[in-house]
Ligand SMILES: Nc1ncnc2c1ncn2[C@@H]1O[C@H](COP(=O)(O)OP(=O)(O)OP(=O)(O)O)[C@@H](O)[C@H]1O
Ligand SMILES: [Mg+2]
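Residue numbers (this note's numbering): 98 to 508.
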């Protein structure tokens, strides 16, 4: 698939942008702070409804527009996408409204609106219409950062190809909030014990689906990542593995005492029980039952997929804890390349690649592997401060665009 046209209004440092995009590799270059990353962020945001950078979506609005004395400020992102079967228009509106004009302190509300083929839809319905794989220099934090980062990666990636997963996850999070609120009320002595089983049952059924889907996803992407890492990136020297660590058992420290399975074997157990959600439900229900006293005391559900994690293993050791910087970078590169193949296998089409400054930090061998993956893709958008770091044959193939202060010129 590929984007044919991108239109931005009041997004970051783009006041107004109308950009026609060709197929093939596109190299966006320019000095620091001109809008290269912002352009990739806009595309990623349309595809996933999430920003890889902003903590708060209101930050995406162009700040000059947001600070103007207008009662309503709208940011607009629109992409026309061509897939093998159809064309789509994806639109996201960022709407800031002034709540009270009288107040001396201006008070704003912010909301988002999604449109697919010019019809208003839920945000979630945009997912899958345009699929992307994003490469960022800070991706290494997937290994070294918190489990929340890794869950987020899993969820965003899976949601791009599986709307059922996405709906299940969204319902799970709602039920989890309700269950946690009930647990807190119970801790305070409110007589709400009757509703707890209702939330617990729902949590078990939604959670089991999530456990199984994540296990399948990680097993598949691990195989693809392992293959690329071994064959193309380390010339058969190192073999890595992605290991799912589902929170479907008690804490590791308590495991030995109880003679329980450790998470590694649990991941395998989940993989071999695909399609047997009742077994997983049974196990999750039992675990919730056992954790009830702790959960009431903490006012929160302490087990379940919202506490999952996964890890990269090299010869059985965690790369996040023991890998060298170069080994970590290589593993992440393999993961992202694995993601492309996994998406292609799942949907029959290659996703759009977005690469922010990642080529600069790779050695010649890895750069070659990545660029050949780029040139085999329908559309890939790369950014760089200096086009000189690319080989002449690559530059011959690529469309070059120069960006300066939020304006893009096709060279
Ligand atoms: N909401 C916003 N409104 C206006 N400008 C913004 C907003 N958010 C960020 N910017 C500015 O946009 C400019 C371009 O940022 P961007 O990250 O795209 O630069 P870049 O070209 O990728 O630079 P680098 O080479 O340093 O990575 C920066 O000066 C940044 O401060
Ligand atoms: Mg940048």
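Each residue gets a CB set at the ideal place from its N, CA and C atoms; glycine is no exception.
Source: prediction; values computed, not measured.
Check residue 469 in the structure and name its three-state DSSP category.
Taking the first residue of the chain shown as 1, we reach residue 469 at position 372. In the structure shown, residue 469 adopts helical secondary structure according to DSSP, grouped into three states.
If you draw a straight line from the alpha carbon of residue 277 to that of residue 284, how long is it in whole angstroms?
The residue you call residue 277 lines up with position 180 of the chain shown. The residue you call residue 284 lines up with position 187 of the chain shown. Their Cα atoms are separated by approximately 11 Å.
N- and C-terminal bounds of the beta strand (DSSP E) containing residue 107:
Working through the chain shown from its first residue, we reach residue 107 at position 10. That run of the beta strand (DSSP E) goes 99-108.
Label residue 214 either buried or exposed according to how many other C-beta atoms from any shown protein chain fall within 10 Å of its C-beta, with 16 as the threshold for buried.
As a first step, residue 214 is located in the chain shown; it is residue number 117 there, counting from the start. If you draw a 10 Å sphere on the C-beta of residue 214, you find fewer than 16 other C-beta atoms in it, and that means exposed.
What are the partner residues of residue 406, as DSSP defines its beta bridges?
Locating residue 406 in the chain shown gives position 309, where the first residue counts as 1. Answer is 342.
Given residue 238, which residues of its chain have a CB within under 7 Å of its CB, disregarding the five upstream and five downstream residues?
Stepping through the chain shown from its first residue, residue 238 is reached at position 141. Within the same chain, and ignoring the five residues on either side of residue 238 in sequence, the residues whose Cβ sits closer than 7 Å to its Cβ are 246.
Is residue 299 near ligand 1, judged by its Cβ being under 6 Å from some heavy atom?
By one-based count along the chain shown, residue 299 stands at place 202. Set against 6 Å, the gap from the CB of residue 299 to the closest heavy atom of ligand 1 is not smaller.
Assuming residue 228 and residue 176 form a contact by the criterion Cβ under 8 Å, report the distance between their Cβ atoms to the nearest whole angstrom.
Residue numbering aside, residue 228 sits at position 131 when the chain shown is read from its first letter. Residue numbering aside, residue 176 sits at position 79 when the chain shown is read from its first letter. Residue 228 to residue 176, Cβ: 12 Å. No contact.
Output the distance between the C-alpha atoms of residue 120 and residue 254, rounded to the nearest integer angstrom.
Counting from 1 along the chain shown, the entry for residue 120 is found at position 23. Counting from 1 along the chain shown, the entry for residue 254 is found at position 157. Roughly 23 Å separates the two Cα atoms.
Among all the DSSP beta bridges, which residues are the ones paired with residue 113?
Along the chain shown, one-based indexing puts residue 113 at 16. Residue pairing of residue 113 in beta bridges, as defined by DSSP: 106.
Pick out every residue whose C-beta is nearer than 7 Å to a heavy atom of ligand 4: which are they, in chain order?
Only ligand 1 and ligand 2 can be found as ligands here, which leaves ligand 4 out of the picture.
Tell me whether residue 338 is buried or exposed, calling it buried when 16 or more other Cβ atoms sit within 10 Å of its Cβ.
Working through the chain shown from its first residue, we reach residue 338 at position 241. The residue in question, residue 338, is buried, as its Cβ has 16 or more Cβ neighbours within 10 Å.
With respect to 6 Å, is the separation between the Cβ of residue 131 and the closest non-hydrogen atom of ligand 1 below this value?
Counting from one through the chain shown, the residue named residue 131 turns up at place 34. Result yes, Cβ under 6 Å from ligand 1.
Measure the Cβ-Cβ separation of residue 172 and residue 158 and say whether it is below 7 Å.
For the purposes of this step, residue 172 is taken as residue 75 along the chain shown, with counting starting at 1. For the purposes of this step, residue 158 is taken as residue 61 along the chain shown, with counting starting at 1. Closer than 7 Å, so yes.
Contacts around residue 415, its chain only, beta-carbon distance under 6 Å, and the 5 residues preceding and following it disregarded
In the chain shown, counting from the first residue as 1, residue 415 sits at position 318. Excluding sequence neighbours, residue 415 sits near 408.
Would you call the stretch 476-493 in contact with the stretch 444-459, where contact means no fewer than 3 C-beta pairs closer than 8 Å?
Yes: the two stretches touch, three or more of their Cβ pairs being nearer than 8 Å.
Anticipated Cβ contact below 8 Å, residue 298 with residue 342, distance rounded:
To locate residue 298, count along the chain shown from 1; it is residue 201. To locate residue 342, count along the chain shown from 1; it is residue 245. Taking 8 Å as the upper bound for CB-CB distance, residue 298 and residue 342 are not in contact here, some 25 Å apart.
Cutting at 6 Å between CB atoms, please list the residues of its own chain near residue 490, excluding the five before and the five after it.
Here residue 490 refers to the residue found at position 393 of the chain shown. So the list is empty, once near-sequence residues are dropped.
Might you give, ordered along the chain, the residues of its own chain that have their beta carbon closer than 6 Å to the beta carbon of residue 123, omitting 5 neighbours on each side?
By 1-based counting over the chain shown, the position of residue 123 is 26. So the list reads 478, 496, once near-sequence residues are dropped.
Buried or exposed for residue 181, please, with buried defined as at least 16 other CB atoms from any protein chain shown within 10 angstroms of its CB.
Position 84 of the chain shown holds residue 181. Under this definition residue 181 is an exposed residue.
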